[in-house]
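Chains as they are written, first to last, in the working numbering: chain A, 1 to 379; chain B, 1001 to 1565.
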């Protein structure tokens, strides 16, 4: 079984622009009865930064380790630069890797850590030293070479690990939750640094993360995974604004979900409340659906009589979160239905929004997305 | 499911050099454990159901054993002596361990060191000391009010001394695993002290107490040296095994006695595993270490208690040392070195001492290398799960096998005429092999514990950098594990130096060991020379330990800056 019809998705999903550097086809991995990866196919273009995003246990780390050769898949093909590496041991593939723990060798100096892979290739000592200096400068640690890992901060250790992974000039860089051991501020700074470095070197990069913000900020494309399957592959803005499933919608950002029925081709009803959709739904008439919309899409200002989907709500709860307030709103017509809305601090002040107050809001039709009612899996 | 239907077996990935080295390594360790442990034990097991001619006789040997009154009497003797020793040691050790872990007693490290001193002596040493104290010429003989120390009294006294550090170690570990938050919570609720002790302290160490009791019981039942030296006409299982095999050449009955000896040891082992698991479950990851508060009266009383116990331990060691240096106990107490002229009492002279040093060094070197390779592959390698599980099982087995039993197994396996390995019988190499196997478990656990603390991704990183795994082992894993490796080597060395029970069956005329020469010189009535040899062993073991501590402090404190936080 090489390429059954209809399984060519990997090629189609790949960005048309670049040449595919890493290709994964129909990868499956089971641990006893547990399926860690099921028919995973994707392609990563040369120079692209792709994030595997998903909750813990979704298979993203297993997929990364399979690409590295650290786990052996049960079936499927992995190609790197057109070469089938599916059955090769890690050392025969061509990648650099940074782990969450960094896995720096504690008894070796920073310079020795960075040069570890260069020495293996029997390079001249002077050349190794030059290359190590170059790499340390690249990660802004030029003067730290003689120190031991414990003498560095977490962020510095992370950059040493990055320099070590880049030392042998691999064609693929694998990052396994590289930022999650750092505190919030360092994380944001390093995230930008890694992204800038990756752009500058043009190295094809795959990063695993469970942090959606990190993925949105860094990735050229995001692969959202759940239960060993790919839920959606797309650019950050595609993933955020056009989630392919309610799982993606819920996992990336916050999404309100309300249950309703299709009452017309482009109308949906929740009890006595009917909402207009921007375009005809892809479901059969009368079907039970989930209506999803993001809290920041709920409008309170500049509402006119002609504004579609105006609804009367009661503010049940108001959480002050700094730049904005997150309100829990209850439909007056259907008191058992509540949803979240984000209002800017300005709006709260100007409109004097308080708890227990009644309010008119609008749910813009173009912000409403429909998902199948039953479960989180895509139709 | 269609995916399963079309699933085709993938071709095996090509073997890399790493694979070959790793497979060779695990095979080496497996072969070592099979030859040094599994096969001898199997021989012992099978011997017990065969007759002298090698025919299968079922349980006939066992029936004969249990219908021989003298043998059954030994069994009973062993049990009650062990029970009595346990009943004395465990409370004594509990008080001591409590003082070490739960009070603000001063000089804790000195008290710890003194409590552990018996570990550096052969079990025989305490027996010799008690002969000097309560024996026929003992200076405190009158204290026994006419009773003889040669028999159960002497055995129990010497066993209490010998088992004390083992019980202290187990109990101190259990007591140090306390969760400080529980005590704070109990105190915040105004719980009285005795109720805290009953509801927090005791449940926390219940398993430790059970474990300590089993450990002591097993040590007493399976120890050979003490019963041999101070037991007199009082027969126990361990001396029976020796008499059956060495005295009467009755291998089948010896095998039966060996298997009977295995029973308490296996029970203790099972109890230990069980309690360890329970103990681990009690302490959650987020526990806060318990910090004792200063309570002057309590701390003072415990200091007094520990000083008394430690003083007695030191006194018992010193009696043997002193006796070896006086001219003629107790009549002429002028100092003399004449008992160290071993050639007077022992055909090999100082030979046994040097043979012991060689054997211990060989055990330390070979044992450390094999144990570390085995532990590394079990812990860090991904391949061959079956082989790794087997190594892990065999590595844990020696804990459940008394030295005497292992020694018997060696007699049956390595002395067999069909076995090409019988050329090693009676050699120093075989003694070292036996000692390595005998002390394998603790060393293996130490190595695995150290390896567990190392990042599991080192192997992955090194593969991604295209470095062979053994280069990373040598440059990174071994240096990081160096303290544990030294621990293992010293542990192997000290135990090989002091062991009697396993090697008593195995030494050859040319390489009698120091511990065995103690038994022989004592048998021949040269008690002072026996005490002298025991003193030499203690001093050597202590010197090695001291060197180890020094090395630890200098090498790992000053020279290895990377360990500092």
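Glycine is no exception: its CB is placed at the ideal position from the N, C-alpha and C atoms.
- Near residue 68 of chain A, what residues of its chain come up, given a Cβ to Cβ distance below 8 Å and the 5 sequence neighbours on each side ignored? Sequence index remark: in the first chain, residue 68 of chain A carries index 68 (1-based). Here the set comprises 90, 93, 95, 97, 174.
- Compute the distance between the beta-carbons of residue 312 of chain A and residue 360 of chain A, then report whether it is under 7 Å. For the purposes of this step, residue 312 of chain A is taken as residue 312 along the first chain, with counting starting at 1. For the purposes of this step, residue 360 of chain A is taken as residue 360 along the first chain, with counting starting at 1. In this structure, residue 360 of chain A lies closer than 7 Å to residue 312 of chain A by Cβ.
- Query: Would residue 1458 of chain B count as contacting chain A if we go by Cβ distances under 7 Å?
  - Reply: Looking up residue 1458 of chain B in the second chain gives position 458. Yes, residue 1458 of chain B lies at the interface with chain A (some Cβ there is under 7 Å from its Cβ).
- Task: May I ask you to list the residues that DSSP assigns as paired with residue 327 of chain A?
- Result: Within the first chain, numbered from 1, the residue matching residue 327 of chain A stands at position 327. Looking at the DSSP assignment, residue 327 of chain A forms a beta bridge with A/318, A/341.
- When you compare only the Cα positions, how much space is there between residue 277 of chain A and residue 191 of chain A? As a working note, residue 277 of chain A is residue 277 in the first chain. As a working note, residue 191 of chain A is residue 191 in the first chain. C-alpha separation (whole angstroms): 38 Å.
- Message: What ranges does the alpha helix (DSSP H) occupy inside the region 186-242 of chain A, keeping only unbroken runs of at least 4 residues that lie completely in it?
- Response: 212-218, 236-241
- Message: I'd like to know if the region 1207-1226 of chain B and the region 1151-1170 of chain B are in contact, where contact means that at least 3 CB-CB pairs between them fall below 8 Å.
- Response: yes
- Query: Between the region 1254-1268 of chain B and the region 1185-1195 of chain B, do at least 3 Cβ pairs fall closer than 8 Å?
  - Reply: no
- Determine the contact status of residue 261 of chain A and residue 280 of chain A, defining contact as a CB-CB distance below 7 Å. The count along the first chain starts at 1 and reaches residue 261 of chain A at position 261. The count along the first chain starts at 1 and reaches residue 280 of chain A at position 280. No, they are not a contact pair.
- Query: Taking only beta-carbon atoms, is residue 1562 of chain B less than 7 Å away from chain A?
  - Reply: Here residue 1562 of chain B corresponds to residue number 562 of the second chain, with the count starting at 1. Chain A, which has a Cβ nearer than 7 Å to the Cβ of residue 1562 of chain B, makes this yes.
- Query: residue 1353 of chain B: buried (16+ other C-beta within 10 angstroms of its C-beta) or exposed?
  - Reply: Start at 1 with the first residue of the second chain, and residue 1353 of chain B comes out as number 353. Buried: at least 16 other Cβ atoms inside 10 Å.
- Per-residue burial, residue 222 of chain A [other beta carbons within 10 Å of its own, 16 or more giving buried]: By 1-based counting over the first chain, the position of residue 222 of chain A is 222. Buried, since its Cβ has 16 or more Cβ neighbours within 10 Å.
- Pick out whichever of A/34, A/258, A/48 has its Cα sitting closest to the Cα of residue 336 of chain A. Within the first chain, residue 336 of chain A is the residue found at index 336, counting from 1. Residue A/258 is the option with its Cα nearest to residue 336 of chain A.
- Query: Could one say the Cβ of residue 115 of chain A lies closer than 7 Å to chain B's Cβ atoms, at least one of them?
  - Reply: The residue given as residue 115 of chain A occupies position 115 in the first chain. No, residue 115 of chain A lies away from the interface with chain B (no Cβ there is under 7 Å from its Cβ).
- Task: Say whether chain A places a C-beta atom closer than 7 Å to the C-beta of residue 1552 of chain B.
- Result: Residue mapping note: residue 1552 of chain B aligns to position 552 of the second chain, counting from 1. So no, residue 1552 of chain B is outside the interface.
- Identify, in the order they occur along the chain, each residue of the same chain with its Cβ nearer than 7 Å to the Cβ of residue 1433 of chain B, setting aside the five sequence neighbours on each side. As a working note, residue 1433 of chain B is residue 433 in the second chain. Taken in chain order, the residues that qualify are 1036.
- Query: Straight-line CA distance for residue 298 of chain A to residue 180 of chain A?
  - Reply: Stepping through the first chain from its first residue, residue 298 of chain A is reached at position 298. Stepping through the first chain from its first residue, residue 180 of chain A is reached at position 180. Going by the C-alpha atoms only, they are around 32 Å apart.
- Kindly give me the distance between the Cβ atoms of residue 330 of chain A and residue 271 of chain A, rounded to whole angstroms, as I take these residues to be in contact under 8 Å. Taking the first residue of the first chain as 1, we reach residue 330 of chain A at position 330. Taking the first residue of the first chain as 1, we reach residue 271 of chain A at position 271. About 13 Å; that fails the 8 Å criterion.
- Query: What are the start and end residues of the beta strand (DSSP E) that includes residue 1336 of chain B?
  - Reply: Position 336 of the second chain, counted from the start, is the residue given in the question as residue 1336 of chain B. That residue, residue 1336 of chain B, is in no beta strand (DSSP E); it is neither H nor E in DSSP.
- Assign residue 1118 of chain B to one of two classes, buried (16 or more other C-beta atoms within 10 Å of its C-beta) or exposed (fewer than that). Working through the second chain from its first residue, we reach residue 1118 of chain B at position 118. The residue is buried, with at least 16 neighbouring Cβ atoms inside 10 Å.
- List the whole-angstrom C-beta distance separating residue 119 of chain A from residue 145 of chain A, where the pair is believed to meet the contact cut-off of C-beta under 8 Å. Residue mapping note: residue 119 of chain A aligns to position 119 of the first chain, counting from 1. Residue mapping note: residue 145 of chain A aligns to position 145 of the first chain, counting from 1. Not quite, the Cβ-Cβ distance comes to about 15 Å (not below 8 Å), so this is no contact.
- Item | Per-residue contacts from residue 1479 of chain B into chain A (C-beta, under 8 Å) | Counting from 1 along the second chain, the entry for residue 1479 of chain B is found at position 479. Here the neighbours are 107.
- Message: If contact is defined by three or more beta carbon pairs under 8 Å, each pair taking one atom from either stretch, is the region 1247-1264 of chain B in contact with the region 1057-1073 of chain B?
- Response: yes
- residue 51 of chain A: first and last residue of the uninterrupted beta strand (DSSP E) it sits in: Sequence index remark: in the first chain, residue 51 of chain A carries index 51 (1-based). Here the beta strand (DSSP E) through residue 51 of chain A covers 49-53.
- Near residue 1038 of chain B, what residues of its chain come up, given a Cβ to Cβ distance below 7 Å and the 5 sequence neighbours on each side ignored? Along the second chain, read from residue 1 onward, the residue named residue 1038 of chain B stands at position 38. Closer than 7 Å at Cβ, skipping near neighbours: 1394.
- chain B beta carbons: is any one of them nearer than 7 Å to that of residue 136 of chain A? The residue you call residue 136 of chain A lines up with position 136 of the first chain. Closer than 7 Å: no.
- Query: Going straight from the alpha carbon of residue 1368 of chain B to that of residue 1028 of chain B, what length do you get?
  - Reply: The residue labelled residue 1368 of chain B in the question sits at position 368 within the second chain. The residue labelled residue 1028 of chain B in the question sits at position 28 within the second chain. Distance between the alpha carbons of residue 1368 of chain B and residue 1028 of chain B is about 14 Å.
- Assign residue 55 of chain A to one of two classes, buried (16 or more other C-beta atoms within 10 Å of its C-beta) or exposed (fewer than that). Here residue 55 of chain A corresponds to residue number 55 of the first chain, with the count starting at 1. Exposed: under 16 other Cβ atoms inside 10 Å.
- Item | Sub-7 Å separation of residue 1186 of chain B and residue 1200 of chain B beta-carbons | The residue you call residue 1186 of chain B lines up with position 186 of the second chain. The residue you call residue 1200 of chain B lines up with position 200 of the second chain. Their beta carbons are under 7 Å apart, which means residue 1186 of chain B touches residue 1200 of chain B by this criterion.
- Task: Quick one: using the 10 Å Cβ neighbour count with 16 as the cut-off for buried, is residue 23 of chain A buried or exposed?
- Result: Position 23 of the first chain holds residue 23 of chain A. Its Cβ being crowded by 16 or more others within 10 Å, residue 23 of chain A is buried.
- Under the three-state reduction of DSSP, which class applies to residue 1005 of chain B: helix, strand or coil? As a working note, residue 1005 of chain B is residue 5 in the second chain. In this prediction, residue 1005 of chain B scores a pLDDT of 41, lower than 50, which makes its location untrustworthy; the coordinate-derived value is nonetheless stated afterwards. Helix.
- Task: Determine, using beta carbons only, whether residue 1437 of chain B comes closer than 7 Å to chain A.
- Result: On the second chain, residue 1437 of chain B is found 437 positions in, with the first residue counted as 1. Answer no: the Cβ-Cβ gap between residue 1437 of chain B and chain A never drops below 7 Å.
- Query: Which one or two residues does DSSP pair with residue 372 of chain A in a beta bridge?
  - Reply: For this step, residue 372 of chain A is matched to residue 372 along the first chain. Note: residue 372 of chain A sits in a beta bridge opposite A/289.
- Task: Give the DSSP-derived three-state secondary structure of residue 1328 of chain B in the structure shown.
- Result: Reading the second chain from its first residue, position 328 is the one you call residue 1328 of chain B. Three-state result, residue 1328 of chain B: strand.
- Message: Just to make sure I have the definition right: I need the residues of chain B whose C-beta is within less than 7 Å of the C-beta of residue 96 of chain A. Which are they?
- Response: By 1-based counting over the first chain, the position of residue 96 of chain A is 96. Per Cβ cutoff of 7 Å: 1464.
- Reduced DSSP secondary structure (H/G/I, E/B, other) of residue 987 of chain B: Examination of residue 987 of chain B is not possible in this model, given that chain B is present from 1001 through 1565 alone.
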